[in-house]
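There are 4 protein chains.
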Amino acid sequence: MEAWKRRLRMGMVGGGQGAFIGWVHRMAANLDGQIDFTAGCFSRDPENTKVTARQLYVSASRAYATWQEMVDKESRLPADERIDFVSIVTQNVSHFDIAKAFLERGFHVVMDKPMTYNLEQAEELVKIVEKTGLVFCLTHNYTGHPLVRHARGLFRSGEMGRVRRVFVEYLQDFLMAPVEKEGNKQAVWRTDPKQAGLVGTMGDAGTHCENLLSYITGERITEVCADFTTFLPDRVLEEDAGVLFRLSGGGRGTMTISQVATGEENGLTIRIYAEKGAILWAQENPNYLHIYRYNEPRQTISRGHKEYLSDLATGSTRVPTGHPEGYLEAFANIYCGAAAAIRSHLDRKPMKTEEYNFPTVYDGLCGMRFVLKAGESAKLGSAWVKVQGPQGLASADKSHGEPSTEA
Amino acid sequence: MEAWKRRLRMGMVGGGQGAFIGWVHRMAANLDGQIDFTAGCFSRDPENTKVTARQLYVSASRAYATWQEMVDKESRLPADERIDFVSIVTQNVSHFDIAKAFLERGFHVVMDKPMTYNLEQAEELVKIVEKTGLVFCLTHNYTGHPLVRHARGLFRSGEMGRVRRVFVEYLQDFLMAPVEKEGNKQAVWRTDPKQAGLVGTMGDAGTHCENLLSYITGERITEVCADFTTFLPDRVLEEDAGVLFRLSGGGRGTMTISQVATGEENGLTIRIYAEKGAILWAQENPNYLHIYRYNEPRQTISRGHKEYLSDLATGSTRVPTGHPEGYLEAFANIYCGAAAAIRSHLDRKPMKTEEYNFPTVYDGLCGMRFVLKAGESAKLGSAWVKVQGPQGLASADKSHGEPSTEA
Amino acid sequence: MEAWKRRLRMGMVGGGQGAFIGWVHRMAANLDGQIDFTAGCFSRDPENTKVTARQLYVSASRAYATWQEMVDKESRLPADERIDFVSIVTQNVSHFDIAKAFLERGFHVVMDKPMTYNLEQAEELVKIVEKTGLVFCLTHNYTGHPLVRHARGLFRSGEMGRVRRVFVEYLQDFLMAPVEKEGNKQAVWRTDPKQAGLVGTMGDAGTHCENLLSYITGERITEVCADFTTFLPDRVLEEDAGVLFRLSGGGRGTMTISQVATGEENGLTIRIYAEKGAILWAQENPNYLHIYRYNEPRQTISRGHKEYLSDLATGSTRVPTGHPEGYLEAFANIYCGAAAAIRSHLDRKPMKTEEYNFPTVYDGLCGMRFVLKAGESAKLGSAWVKVQGPQGLASADKSHGEPSTEA
Amino acid sequence: MEAWKRRLRMGMVGGGQGAFIGWVHRMAANLDGQIDFTAGCFSRDPENTKVTARQLYVSASRAYATWQEMVDKESRLPADERIDFVSIVTQNVSHFDIAKAFLERGFHVVMDKPMTYNLEQAEELVKIVEKTGLVFCLTHNYTGHPLVRHARGLFRSGEMGRVRRVFVEYLQDFLMAPVEKEGNKQAVWRTDPKQAGLVGTMGDAGTHCENLLSYITGERITEVCADFTTFLPDRVLEEDAGVLFRLSGGGRGTMTISQVATGEENGLTIRIYAEKGAILWAQENPNYLHIYRYNEPRQTISRGHKEYLSDLATGSTRVPTGHPEGYLEAFANIYCGAAAAIRSHLDRKPMKTEEYNFPTVYDGLCGMRFVLKAGESAKLGSAWVKVQGPQGLASADKSHGEPSTEA
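Rendered as structure tokens:
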């Protein structure tokens, strides 16, 4: 490990007491001892922010009542005090405004997904990131898993051949009961179109699915045919979706998403059948990647084996094989990637987007385009609807830090 | 076990040397020592029939050159010599004619699936079965598994609540290579529309999926939206299909079928998420049924446990828990069901269709309607197409030997 | 398949109503349609024998009140009527006398395990089999599994290298409750030293473990150190045993057996770690064999793959990969092996013991020696006790139909 | 979460570049943002210490050339600067001297296992800890897993009933090749009796096994019968051991340990069969605990379910169910426990040993006694040897922070 001169300084918007994802971002940032947690506006409730700051050893002077105050005051601090980047972990609806403000005042940004509330914001955010040239990292954390990164190599290198059929599913039972009526904070905003956006479970889980399959295969979804359902009364946004899709390379796929799948926990699973091989990876057992080949014994690839894993996979691992890693370690890998990019700016040799080892603003745009087109298809009675890739912007296709094979 | 006066006498059309499914039917019939294998026309090649007869200890006088000869001569034998029933294991294209001939000469019929070559034959066959009043058993063998039968009880009793989401998939890599050009007999006829019918993998595997989900849930598929694909050059019929569907009770589902799914063997798997519980069952590991409930530990139900399994499941089991049963035992359960119905005729107290413990001609009709409507949807660019249940005939909905809850 | 002139004729001693293992032997014999079930003495209760005979379509004239009557009358029948072989499925205590009588009257014998009640009988039986030259098959059925047979090849060929550590365990909860006091027939005799012999669970399960590991590795247990336990009051024979052992090739092992292992069903599992690879096989999921190698991805070998399985494994398989086989199919493979050996006598070209594809009288002897020495070790406070292989007799080491590598 | 006034200050002895376990301790300490890494002597090579200090942002003035210098200089620093505790991650041989020095100068200690080089040191260390009254935490990290903690409750509450049979195994292939001759640092000292102690793999892995089973069951091993093996030439210490043992409550067990188990990674698995239930937990898949009961469906307990898990298990969890946690999170739980105990001293209300939620010096003593008695048994040809619990000292049995049920 190279010795940096100092730890990076991180601030946070959102993530006050009672929030889940804020803790995740902080633990991910803590793990490797490369980042100091320094400032924040943790809640729209200033009292919550104060209490949270004390818990996190953030000095009272850096605990801000509003994010507007935060961006303003932090930007006036001396260069050797102010935060290097901000992590935005609020609800979708406020993502854009906060990100815009921090970027325009020169701060790098790490942001939770889905990227924005609507497509206009997503397209605008791409332009802001391009204009400022700053680091923007979207925490599609599942691409941080070493074996997901190994799988990507198997497809990008051609070893698996052309993709024929993809299964991706994301099943939970988070919304089985009307928990939004019982005060569950996450359920309240995720079931409220004003806060969550035009899609429900598709925005939350569908963007992860789209990102994961694009990351591994290097292909984009070009057409979507979706059937949305709501089972519980009084719900407006879909809780459950069956989706057929077609890929840029000619493959076909099925995406199934549900937050009313009885007994499911965080069932994100992907299977990709290609001409020369197939892979299966399940988020709930992330230390194993299963590989199938025609008329050969099945293989189980195990995280941590330097002897046969790609450098990218090996370099994303902290403990030896057989010592399981999980959700936080993968999330921390996204932070490591963002930290490396931010340090490249501090060193005045900024990485190019193509070199980024984390999901970019272009990935965020693709995710938004995909879920909104799926919503459009569902409204049209499951008609096939075309989905634009990031090429719709002046910027070329610059997702995941390397050129797409989409052409 | 009740002691019958004698073993049943079985004949077979098809199943000569080199055929796979004929052996399966014979082993299934042999297992319990209740059936004598007595006569047959095993091939369109009389020499193959002769050799096969010798291998199977069928006397030369009961090895027939054509099935027409067989039905004719057998029907002229004395009642205490002639076969009680015939098993038809030829290709789809000849199913109807053979079944018709045997039924009309008074023989009960066991037949491999899919039932017929086209829908007209299926509808006509229903009428013939109804008119003759004879036993007609379609070997959707997967409903013979004890834990599939247990699962059925969980849904029929209301214990699982209303079905919300179904996943059913049937994945193989049987057609990965152009094996039909290399002389693989099964591949030759299954990829030839003249022999296999209007659909490819859907006819072969899709009918199993439809039957399995209907059997367990007691619901019918009412609408289908399908995307068919052919990846290998020179193939005409689909090798691969992604299907969305809707159920009579309001649930939604995804069916995915492929015979080019690299490294898959006989991957028939069903998951059903309902209001109060979910089940998962995989054909490749049939001795376990997984049950999920909201906020409860997951359960693994194990075949053979009289303490907690339904009588139907326990009665379909031959060896104690922990001693695995498989494909042939389940197949033999279908034969046991057919044998019981045939014996009820010998005893002159014929069972009613509702009492049958095996798939009936109505199931066969439903299967044909489903796959043909899926084909229609695919041709219409994945439009939603309605699927009729067996109620389309004068006969009421009489599938699986008990009234459907569909009403 | 070669066409034999006729089916073999089988008789049975034991296996009346209420017995489990008799049914298993009959189903195993039925499966392939090569054996006619013809005669029997099914119970010490002649009424039970009569009822059982009716159920099995055995003519009343061939249902015998005693096995003595059976051996006598059958031997006086014309050659083209009398049974070719007898299956002995009584309790251990009577195995020897019955086998002796049938062998000495010229009948081949298939017998359930453990072979005899005590060691003297086992040694004597070896001599009788050698003297008569007839087929004697001991149904250590687990060696009938295709993937166990494949595993054997991996070790015999040297591909796995020298064996270092073996784990073998057989766990059930059959005796969790004092079921022998509640009339459970099997429990009654298995817990009664007069019927079961000098050891309890070791005789029942330990012989399977010893046979399985010897079959696969080609090595014998040379020393044993055992700790026996009885947890339930009033039980005399061990219910549970922890065993250390040493192998002829220098490897070490642990054998653990229990019939009070809460929630276990039929948990026979073997793992063998050798210099160049390791295997894991579990009876409850017999269609998969797991292979581990140093610094390589783990492999799952799947039953039915002709592309990579040995001929022995492929030739022991009835249905294609992905169509699970189980306990009965493996048991039937033992019957196929015995049938082939018996037919070789009918054809007057008797196979040599080395050519047998089933467990022999030498395997039975080794099993008896092993479990009795384990019992001796337990009595001596877990002292190491040496275990003789079959070489203790004039006969060379002729187990499993091929020369041992033990030298 | 309660807000502490400040982060704790941590120092480290050992853990320089190239060491594995130092990184693990630091990541575990970082994760929750409650500990500042402040000082260290990372290597016997001062240059390595300097480089490591730079990488870890430890100021040069707190990077010490020797641990003697470190303990001396740190103890002279003002109270609000000096470290609160030291983590000792050197080789076994130096554990005692370093721990003694830090404890006697008033520093709390966290130490890697096994506790000491020999038994005398272990007994002496108990006395030092008792005399100083300071916190001593031994990082048997596997007891940090939430589901291990849940399992403990199942046995301590009596819900599982009396323990009958325990299986515990720890399998790796770390020493398959003569890696100590190829410069693998860990292998060099672990295979060298001068550095590792009187036992080899038993000291490394056996202490984990003993600790884990004692922690869950609340029982101690009272007798041991061991067979040790060395397969590779030139190795002195055992690489592999088969062990029988007896528990204080009358149960029996098998422990199997190997570092030459081909293809095994970090295979620590425990199964405990008791009168009313059984549990199975595998370190490599730590998010699931399997529960078996007599004649009931098997259950899979999943980490993170507040609805049915104990408070201890729930309180040891960072992310929701379905988001896997692993090795580092469990390790961090040990650090959380130690931090709470250290803070109780800062707050001048020191916890009692019985309140500790981490392995104590008494656990370390038990571990040393167990592995040394196993070694004695092996030398005596697998004789049964008695094992003393911590009651051998003046101190009562104070392991795991709560009274043992052993009495």
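Protein chains in written order, with my numbering: chain A, 1 to 407; chain B, 1001 to 1407; chain C, 2001 to 2407; chain D, 3001 to 3407. Quick reminder that beta carbons are idealized off the backbone N, C-alpha and C, glycines included.
Rounded distance between the beta-carbons of residue j and residue i, thought under 8 Å
i         : j         : result
Arg2246/C : Glu2275/C : Between Glu2275/C and Arg2246/C the Cβ distance is about 17 Å, and since that is not below 8 Å, they are no contact.
His3140/D : Ser3310/D : Contact doesn't hold; Cβ gap of about 19 Å is too wide.
Asp267/A  : Gly3322/D : According to the sequence as given, residue 267/A is Gly; it is not Asp. Rounded, the Cβ-Cβ distance is 7 Å, consistent with contact.
Ser2258/C : Asp2240/C : 4 Å
Ala93/A   : Phe107/A  : One detail in the question is off: residue 93/A reads as Val in this sequence, not Ala. Between Phe107/A and Val93/A the Cβ distance is about 21 Å, and since that is not below 8 Å, they are no contact.
Asp2227/C : Cys3209/D : That pair is no contact at about 17 Å.
Pairwise C-alpha distance: residue j and residue i
i         : j         : result
Lys3113/D : Gly3364/D : 8 Å
Pro1390/B : Cys1366/B : 6 Å
Gly300/A  : Leu147/A  : For clarity, residue 300/A is Thr in the given sequence; the question names Gly instead. Distance between the alpha carbons of Thr300/A and Leu147/A: 11 Å.
Leu1232/B : Lys1181/B : 12 Å
Gln1017/B : Asp2032/C : 15 Å
Gly2133/C : Glu1265/B : 44 Å
Arg3369/D : Ala338/A  : 49 Å
Ser3043/D : Ile3088/D : 11 Å
Thr3202/D : Leu1175/B : According to the sequence as given, residue 3202/D is Met; it is not Thr. Cα-Cα distance, rounded: 52 Å.
Gln3283/D : Thr3269/D : 6 Å
Leu3154/D : Glu329/A  : 30 Å
Thr230/A  : Glu238/A  : 5 Å
Val1051/B : Asn2184/C : 48 Å
Pro1178/B : Thr1191/B : 10 Å
Leu3289/D : Asn287/A  : 17 Å
Gly1015/B : Gly2375/C : 53 Å
Val1385/B : Gly1250/B : 16 Å
Whether residue i touches residue j by CB criterion (9 Å)
i         : j         : result
Val2243/C : Arg3165/D : no
Val3236/D : Gly3200/D : yes
Val1013/B : Thr1090/B : yes
Arg318/A  : Trp3023/D : yes
Pro1359/B : Ile3291/D : no
Val361/A  : Phe136/A  : yes
Tyr2294/C : Thr3262/D : yes
Asp3072/D : Arg3009/D : no
Ile1334/B : Ala1019/B : no
Arg3343/D : Trp3004/D : yes
Ala3340/D : Met3160/D : no
Identified DSSP bridge partners for residue i
i         : result
Ser157/A  : Per DSSP, none; premise fails for Ser157/A.
Ser3087/D : Met3012/D, Val3110/D
Leu247/A  : Ile221/A
Residue i Cβ short of 8 Å to the ligand SAM heavy atom set
i       : result
Arg26/A : In terms of ligand content, the structure shown is empty, and the ligand SAM therefore cannot be addressed.
Determine contact between the stretch 2171-2181 of chain C and the stretch 2073-2081 of chain C, defined as no fewer than three beta-carbon pairs at a distance below 8 Å. Flag = no, the stretch 2171-2181 of chain C and the stretch 2073-2081 of chain C do not touch.
Examine the Cβ distances between the stretch 2121-2134 of chain C and the stretch 2210-2226 of chain C and report whether three or more of them are shorter than 8 Å. no
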